[in-house]
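See structure below.
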């Protein structure tokens, strides 16, 4: 069995504005998870949360059946490419993490301290 | 923590489980050591 990794997952302070995603996420997963797994997880959670709030809004306005139909389709469309994951390497500097890296490797290579791994996320910027 | 969300994510046939809590205290082992 793979060992467990503890993560504090925050919006990128420079690339994400406060209204967009303000939630700090406290996450545990196994060390064999890759950065792509983490990115896809984030996309799924945010899609679910946005669809739930949209459904609640529809219920409040309409109150009719079928209000959540559009939410299921957006959750199915999530991709690990939607968010880019960063780690803070020095004061004010952030390094993009390759999607194929395991969190165990990120922990050993970049973090090296015995406390939860602190990572940052931002929507992937299209070139 | 009062509530923990459990989610499985699969990429290239590798499935990993994520657990997320609303607060860190009582959820992270190392948090208690500080």
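Chains as they are written, first to last, in the working numbering: chain A, 1331 to 1457; chain B, 389 to 422. A virtual CB, placed ideally from N, CA and C, is assigned to each residue, including glycine. All values reported here derive from a predicted model rather than from experimental measurement.
Using a cut-off of 8 angstroms between C-beta atoms, extract the partners of residue i located in chain B.
i: residue 1360(A); result: 404 and 405
i: residue 1421(A); result: Neighbours of residue 1421(A) on chain B: none; closest Cβ ~22 angstroms, over 8 angstroms.
i: residue 1454(A); result: None at all; the shortest Cβ gap to chain B is about 16 angstroms.
i: residue 1449(A); result: Ordered by position in chain B, no residue passes the 8 angstroms Cβ test against residue 1449(A), which lies about 13 angstroms from the chain.
i: residue 1374(A); result: 395 and 397
i: residue 1410(A); result: 399
Use the C-beta contact count for residue i: other C-beta atoms within 10 angstroms, 16 or more gives buried, fewer gives exposed.
i: residue 1428(A); result: exposed
i: residue 1396(A); result: Bear in mind that the predicted position of residue 1396(A) carries a pLDDT of just 47, short of 50, making it too unreliable to give a figure here.
i: residue 411(B); result: exposed
i: residue 1437(A); result: buried
Using the Cα positions of residue i and residue j, report the straight-line distance between them to the nearest angstrom.
i: residue 400(B); j: residue 1340(A); result: 26 angstroms
i: residue 1455(A); j: residue 1413(A); result: 8 angstroms
i: residue 1410(A); j: residue 1379(A); result: 17 angstroms
i: residue 408(B); j: residue 1358(A); result: 6 angstroms
i: residue 1360(A); j: residue 1367(A); result: 11 angstroms
i: residue 1450(A); j: residue 1385(A); result: 28 angstroms
i: residue 1381(A); j: residue 1344(A); result: 26 angstroms
i: residue 394(B); j: residue 404(B); result: 11 angstroms
i: residue 1434(A); j: residue 1446(A); result: 12 angstroms
i: residue 1442(A); j: residue 1383(A); result: 38 angstroms
i: residue 1420(A); j: residue 1440(A); result: 10 angstroms
Taking only heavy atoms of the ligand FMN into account, decide whether any of them is closer than 8 angstroms to the Cβ of residue i.
i: residue 1379(A); result: As for the ligand FMN, it is missing from this structure, which has no ligand bound.
Can you round the beta-carbon distance between residue i and residue j to whole angstroms, since I take them to be within the 8 angstroms contact cut?
i: residue 1448(A); j: residue 417(B); result: Actually they do not touch by this definition, with Cβ atoms about 16 angstroms apart.
i: residue 397(B); j: residue 1371(A); result: 5 angstroms
i: residue 1314(A); j: residue 1432(A); result: An answer regarding residue 1314(A) cannot be provided, because it is not within the stretch 1331 to 1457 covered by chain A.
i: residue 1338(A); j: residue 1356(A); result: 6 angstroms
i: residue 1369(A); j: residue 1417(A); result: No, residue 1369(A) and residue 1417(A) are not in contact; Cβ-Cβ is about 13 angstroms, not under 8 angstroms.
Could you name the residues of chain A that residue i contacts, counting a contact when the two beta carbons are closer than 9 angstroms?
i: residue 390(B); result: The contacting residues do not exist; residue 390(B) stays about 13 angstroms from chain A at best.
Notebook entry, point to check: Fully enclosed by the stretch 1331-1388 of chain A, which alpha helix (DSSP H) runs are 4 residues long or longer?
Noted result: Secondary structure remark: continuous alpha helix (DSSP H) runs of at least 4 residues inside the stretch 1331-1388 of chain A: none found.
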